[in-house]
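Quick mapping for you: the protein sequence lines, in order, are chains A and B. Using the numbering used here, the first residue of the first sequence is number 845, and each one after it goes up by one. Using the numbering used here, the first residue of the second sequence is number 48, and each one after it goes up by one. For every residue, glycine included, the Cβ atom is placed at its ideal position computed from N, Cα and C. From a predicted model like this one, the values you see are computed outputs, not experimental measurements. Only one structure is covered here, and it is reproduced in the block below.
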Amino acid sequence: GENVEQHPSTLSVQEGDSAVIKCTYSDSASNYFPWYKQELGKGPQLIIDIRSNVGEKKDQRIAVTLNKTAKHFSLHITETQPEDSAVYFCAAPSIGSGDKLTFGTGTRLAVRP
Amino acid sequence: EPEVTQTPSHQVTQMGQEVILRCVPISNHLYFYWYRQILGQKVEFLVSFYNNEISEKSEIFDDQFSVERPDGSNFTLKIRSTKLEDSAMYFCASSEEKLGSGSPLHFGNGTRLTVT
């Protein structure tokens, strides 16, 4: 099955700075890598995802990069704002086992005003 | 924008009691899931459901758990005899296509289950 590791577990940045969260995965057959944002008391909300046929995807202040050779992918948030403060989870599917998303352990991001 | 809705938002039950958690997935979605999150920990897969049957389940999803799609809109998770360690947030999710195709998973806001 898939094993997803995520770092760092906590991240504190000054408003306006960039934040980078990194994940590694184990299943080389994985082909889809979503990132979720979870605010207090709410469910995970998909913020960006990338498929294995591209190396980078950007959506306004958020970008994801994928290195298939090294089996890692990263979330980049530029010009951070206080409302970016949340827990962020990466995930990867276990292709061999079907319909299961394996999540990383989460990164608590705090943006200091 | 369509969303996954879950009820109740919070359920308190006594150990040994049965609970049913309810979900209404997004209407055109065909794949349904339950995940859980113990306080402060990561989100863990419980079960996936497609075409009226379970397609995959985790080790957590033992004989005390069952899922059902009783009609065209609801998707339920039943825990037959709750244990203290079942206390967690339970998230329902749905997707339009199979996960490996890149179809995104959409989550509800969860039901907080507290077993006393």
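Q.
Measuring straight from C-alpha to C-alpha, what distance separates D871(A) and Q111(B)?
A. Rounded to the nearest angstrom, the two C-alpha atoms are 30 Å apart.
Q | According to DSSP, residues forming a beta bridge with S113(B) | A | S113(B) pairs with K125(B).
Q. Relative to the alpha-carbon of I892(A), which residue among W879(A), L910(A) and T913(A) has its alpha-carbon at the smallest distance?
A. The candidate whose alpha carbon is nearest that of I892(A) is W879(A).
Q) Around the C-beta of I921(A), are 16 or more other C-beta atoms found within 10 angstroms, so that it is buried, or is it exposed? A) By the neighbour-count rule (16 or more Cβ atoms within 10 Å), I921(A) is buried.
**Q.** A831(A) versus A907(A): straight-line alpha-carbon distance, rounded
**A.** This structure cannot settle anything about residue 831(A), because the visible part of chain A is limited to 845 through 957.
Q) To which residues of the same chain is A863(A) closer than 7 Å at the C-beta, ignoring the five residues directly before and after it? A) Spatial neighbours of A863(A) in its own chain (CB-CB distance under 7 Å, excluding positions within 5 residues in sequence) are listed in chain order as L855, V857, I921, T924 and L953.
Q: Check each candidate in P151(B), S74(B), P55(B) and R69(B) and name the one with the smallest Cα separation from G119(B).
A: If we check each option's Cα against that of G119(B), S74(B) comes out closest.
Q | Below-8 Å beta-carbon distance, K944(A) vs any chain B residue | A | True, the Cβ-Cβ gap to chain B drops below 8 Å.
Q | Reduced DSSP category for D861(A) - H, G, I as helix; E, B as strand; rest coil | A | In this structure, D861(A) counts as coil in the three-state DSSP scheme.
Q.
By the 8 Å beta-carbon criterion, what residues does the segment 883 to 903 of chain A contribute toward chain B?
A. Within the segment 883 to 903 of chain A, G885, K886, G887, P888, Q889, L890, D893 and R895 place their CB atoms closer than 8 Å to a CB of chain B, listed in sequence order.
Q: From the DSSP output, read off the bridge partner residues of L86(B).
A: DSSP output for L86(B) lists no bridge partner at all.
Q | Span separating the alpha-carbon of D109(B) from that of E48(B) | A | Cα to Cα, the separation comes out at about 34 Å.
Q: Kindly say whether H57(B), judged by its beta-carbon, lies nearer than 8 Å to any beta-carbon of chain A.
A: H57(B) does not count as touching chain A.
Q: Kindly indicate which three-state DSSP category P926(A) falls into: helix, strand or coil?
A: Under the three-state reduction of DSSP output, P926(A) falls in the helix class.
Q. So what's S148(B) in DSSP terms, helix, strand or just coil?
A. Looking at S148(B) - three-state DSSP - the assignment turns out to be helix.
Q | E106(B), DSSP secondary structure in three states | A | Look at E106(B) here: in three-state DSSP terms it is coil, with no helix or strand label.
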